[in-house]
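For reference, the structure discussed in these notes is given below.
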Amino acid sequence: MPNGFDFRLDVLPEYKRWILGIEAADDDGTLAHHVRTGKARYLVHVECKRTYFRGALTSDKPRFEMTIDGDSLFGLVEVSVLVVATKDLDDYRHPNQHSDYRDGTFSVSIGEPLAVAVSQSFDAFLEADPILKLSSIIDIQRDDSQRVMQVDCTVGNRIVIKLPSAEFDRYRELRADPAIRGLLSNAVILPALLDAFFFLRSPNLDLDEFKADHRWSRSVLSRLDRMDVDLTDPDAESSVCLEAAQLLLREPLRRSLEDLSELFKQ
Amino acid sequence: MSLEFLSREPADKLAHEIGKNLEVYRSGKTESLIRTSDCRVSRVDAVAAPDLLDTTGEPKSDSEASQLVFQWLSKLTPVQAADERLWVLLTHRTFAPYVHKRWGKGLERATQPEALVVDRWFFRGAGVATFVRNAISRLWWFGHLTYDNKRANPFELTDVLLSLQDIQVAFLERSLGRCRPLLRAVLETVQTHQEDLRKTPKSGDVIQEWAKEIRLYGGAYLLDAVPPERLAFVVRSKLRARLSTPAV
Numbered sequence: 090m091p092n093g094f095d096f097r098l099d100v101l102p103e104y105k106r107w108i109l110g111i112e113a114a115d116d117d118g119t120l121a122h123h124v125r126t127g128k129a130r131y132l133v134h135v136e137c138k139r140t141y142f143r144g145a146l147t148s149d150k151p152r153f154e155m156t157i158d159g160d161s162l163f164g165l166v167e168v169s170v171l172v173v174a175t176k177d178l179d180d181y182r183h184p185n186q187h188s189d190y191r192d193g194t195f196s197v198s199i200g201e202p203l204a205v206a207v208s209q210s211f212d213a214f215l216e217a218d219p220i221l222k223l224s225s226i227i228d229i230q231r232d233d234s235q236r237v238m239q240v241d242c243t244v245g246n247r248i249v250i251k252l253p254s255a256e257f258d259r260y261r262e263l264r265a266d267p268a269i270r271g272l273l274s275n276a277v278i279l280p281a282l283l284d285a286f287f288f289l290r291s292p293n294l295d296l297d298e299f300k301a302d303h304r305w306s307r308s309v310l311s312r313l314d315r316m317d318v319d320l321t322d323p324d325a326e327s328s329v330c331l332e333a334a335q336l337l338l339r340e341p342l343r344r345s346l347e348d349l350s351e352l353f354k355q
Numbered sequence: 113m114s115l116e117f118l119s120r121e122p123a124d125k126l127a128h129e130i131g132k133n134l135e136v137y138r139s140g141k142t143e144s145l146i147r148t149s150d151c152r153v154s155r156v157d158a159v160a161a162p163d164l165l166d167t168t169g170e171p172k173s174d175s176e177a178s179q180l181v182f183q184w185l186s187k188l189t190p191v192q193a194a195d196e197r198l199w200v201l202l203t204h205r206t207f208a209p210y211v212h213k214r215w216g217k218g219l220e221r222a223t224q225p226e227a228l229v230v231d232r233w234f235f236r237g238a239g240v241a242t243f244v245r246n247a248i249s250r251l252w253w254f255g256h257l258t259y260d261n262k263r264a265n266p267f268e269l270t271d272v273l274l275s276l277q278d279i280q281v282a283f284l285e286r287s288l289g290r291c292r293p294l295l296r297a298v299l300e301t302v303q304t305h306q307e308d309l310r311k312t313p314k315s316g317d318v319i320q321e322w323a324k325e326i327r328l329y330g331g332a333y334l335l336d337a338v339p340p341e342r343l344a345f346v347v348r349s350k351l352r353a354r355l356s357t358p359a360v
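One line per chain: the protein sequences are A and B, in this order. Just add 89 to the spot in the first sequence (first one is 1) and you have our numbering. Just add 112 to the spot in the second sequence (first one is 1) and you have our numbering.
Structure below.
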C-alpha cells in the first residue's frame, strides 16, 4: 500500500527549551484503532548529532508536544514520527497491506513500527554564542568621581561601566550569587549596552574606523549579524537598540522575573 | 573563575598548521602554540583544573580522569561540550602534559601522525566518534553519558564503560550509543558478565559481534520504544549467547 502516514512539525524556540509540536495523521482507521485500544502509540524520535542528543516521547493522541532543554540542541535536528507497537501483536494485519501478503498476518513485538513517516529536520540555531561570556566585552570599574553610573564605550576594546564606590562594592558582592544574575544583568549591563548601541548609531561616526580600534564593537556587531539584527541600519527604528541588547543578554527581563519569582519562593 | 577558550580563527589556523607543528606535538610543548591574546573568557565557571597526572607523572586511569574532568566541568551543557574552542585550549594548554603523556607516544609510531593530532588534540568532524576522540572531551562525555546519581557510586557505570576499550568503540563511536536506555542495559550487562569477559580469550571480538547483533536488532525495532526491562533482557540474552559460542 502507498504510505500515507505523515506528520506536521511546529518548532517553537523558547529561551530555556525547544517545544516540538507534533500533529500525526490519524486518518488510517486500523492504526487509529490500535492506538485507541492501547496496542500502539504515536512516537516522536529526535536526534541531534552535534550534541549527541537522542530522545523519544510516545503519546496516545495524534497531537502532542515534546519539550527539550535549550542546552541540548544545536545545528541540524532530525525528527521522526512513527506508530509503534506497545503490546505484542500475534496476528497483525492491515487491510491495505501489499497484495503480495494477501491476507497474511504478522507477529509484531513491542517496539516494532507499524507506520513510519518521512523524517523532517530543522536547524536549532543559537541566539548567542554558547560559551563566550558577555562580560568579556564589558569592564565594570569603581570610579570615586562618579555620582551615578556612567558608560564609556570609546576608550578601548571593552565597554567601560563606571560605578560610584558604594554601588561598585555592592555590585561586586552580589554578582557572585547566581540567583540574581538576571536581575544584575538588567540593572547594570542592559543600560550600558543601550548606551553603547546608541553611540554606534551616531550619524557622524566612522564605523569602519571605530570597529578597527574597538574590539567590543566588532564582537557585538558580528554576533548581532548572526541574529539578523542590523544595529547600524540608518533606516532602522531606534528601538533596534533595545531589541539588540535583549537578544544579546538572552531575554534579561524574563531572567530577572524568574530570579525574583525564585527569591520570593524562598 | 571562568574557563577560557580559544577563538575560532586561531583554532582553525592551529588545525591548518598541524603538519608544520608536528615536532611541537611530539615534544608536548603545545602551550607554546597558544597566544594569550587569542584566548577569551567563557561563561563557564570552573575552579582550578584537576591534575590528571599521578604522583609519578604518569596519566591517571581513564576512569579516574573522567570523573575528575566531569566533576570539574559538571555545569557544562551538551551544546557547550560540543564546542571545539573549549576543548582545543584544554588539550593544548591546560592539560598539555597529560595529553602528551596519554597520547603523545602514539605520534612516534603513527603512520599518519597528523590524523592522530586531529583526533586527540582537536574536536573536528561531524561523526559521533568526534566526541570520544578528543583527549579531554572524551573524558567529560564518558562521565556525562554514564553518571547516575541514583547509584551509591554515581560513576559505577563509568568504570564499567572504561573497563574495556572495545565497549567504547563498539557503542559510543556509533549512533547506537546515543540511546541512553540501551547504553545503560549494555553497561549493566557487562558489569554482570565482567568476569566471564575477562576469562574469554577474544573478548574484544565477542563485544564487537555482540554490538553488531544489537545493531541488527535496532534496525528492526525502535530501541527507544522497547521497554527497558525487555531491552535489558534482549541485550543480556545476546551476550550470553555470544559467550557460549565457541571462538572461531
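All residues carry an ideal CB built from backbone N, CA and C; glycine is no exception.
{"Asked": "Listed by chain order, chain B residues near F142 (chain A) by CB distance under 9 Å", "Found": "P190, R290"}
{"Asked": "From A:D241, A:S306, A:K251, A:S148, residue whose alpha carbon lies closest to that of S234 (chain A)", "Found": "A:K251"}
{"Asked": "Coarse secondary structure for E300 (chain B), derived from DSSP in three states", "Found": "helix"}
{"Asked": "Burial state of I227 (chain A), where buried means 16 or more other Cβ atoms lie within 10 Å", "Found": "buried"}
{"Asked": "Alpha-carbon spacing of R232 (chain B) relative to V281 (chain B), whole angstroms", "Found": "15 Å"}
{"Asked": "Residue burial classification, V244 (chain A) (beta-carbon count within 10 angstroms, cutoff 16)", "Found": "exposed"}
{"Asked": "Three-state class that DSSP yields for A241 (chain B) in the structure shown", "Found": "helix"}
{"Asked": "Cβ-Cβ distance between F182 (chain B) and S154 (chain B) below 8 Å", "Found": "no"}
{"Asked": "Alpha-carbon to alpha-carbon, F163 (chain A) and Q192 (chain B)", "Found": "10 Å"}
{"Asked": "The stretch 167-184 of chain B contacting the stretch 261-281 of chain B, beta-carbon criterion three pairs below 8 Å", "Found": "yes"}
{"Asked": "Status (buried if at least 16 other CB within 10 Å, exposed otherwise) for G289 (chain B)", "Found": "buried"}
{"Asked": "Chain-ordered chain B contacts of V124 (chain A) [CB-CB under 8 Å]", "Found": "Here the premise fails: no neighbours, minimum Cβ distance about 13 Å."}
{"Asked": "Nonlocal neighbours in the same chain, by C-beta distance under 6 Å from F288 (chain A), ignoring five residues either side", "Found": "C242"}
{"Asked": "C-beta contact flag for E196 (chain B) and A241 (chain B) at 8 Å", "Found": "no"}
{"Asked": "Three CB pairs or more closer than 8 Å across the stretch 198-215 of chain B and the stretch 142-158 of chain B", "Found": "yes"}
{"Asked": "In chain order, each alpha helix (DSSP H) run of at least 4 residues that lies wholly inside the stretch 231-300 of chain B", "Found": "249-258, 268-273"}
{"Asked": "Option nearest R247 (chain A) by Cα separation, candidates A:P184, A:I278, A:S254, A:P292", "Found": "A:I278"}
{"Asked": "Inside the stretch 113-145 of chain A only - beta strand (DSSP E) runs reaching at least 3 residues", "Found": "129-137"}
{"Asked": "Own chain partners of L313 (chain A) with C-beta closer than 6 Å, once the 5 adjacent residues on each side are dropped", "Found": "L320, A333"}
{"Asked": "Sequence-distant residues of its chain with Cβ nearer than 6 Å to K127 (chain B) (five each side left out)", "Found": "Rather than Lys, the amino acid found at residue 127 (chain B) in this sequence is Ala. F234, listed in sequence order."}
{"Asked": "Neighbour flag for S154 (chain B) against chain A, beta carbons, 8 Å", "Found": "yes"}
{"Asked": "Within-8 Å CB hit, Y210 (chain B) to chain A", "Found": "no"}
{"Asked": "Span separating the alpha-carbon of V318 (chain B) from that of R348 (chain B)", "Found": "13 Å"}
{"Asked": "Nearest residue (CA-CA) to I111 (chain A), options A:T156, A:K105, A:G118, A:Y141", "Found": "A:T156"}
{"Asked": "Chain A contact for F243 (chain B) (CB, 8 Å cutoff)", "Found": "yes"}
{"Asked": "Proximity of L294 (chain B) and L343 (chain B) at Cβ, strictly below 8 Å", "Found": "yes"}
{"Asked": "Nearest-angstrom Cα separation, counted from G218 (chain B) out to P225 (chain B)", "Found": "8 Å"}
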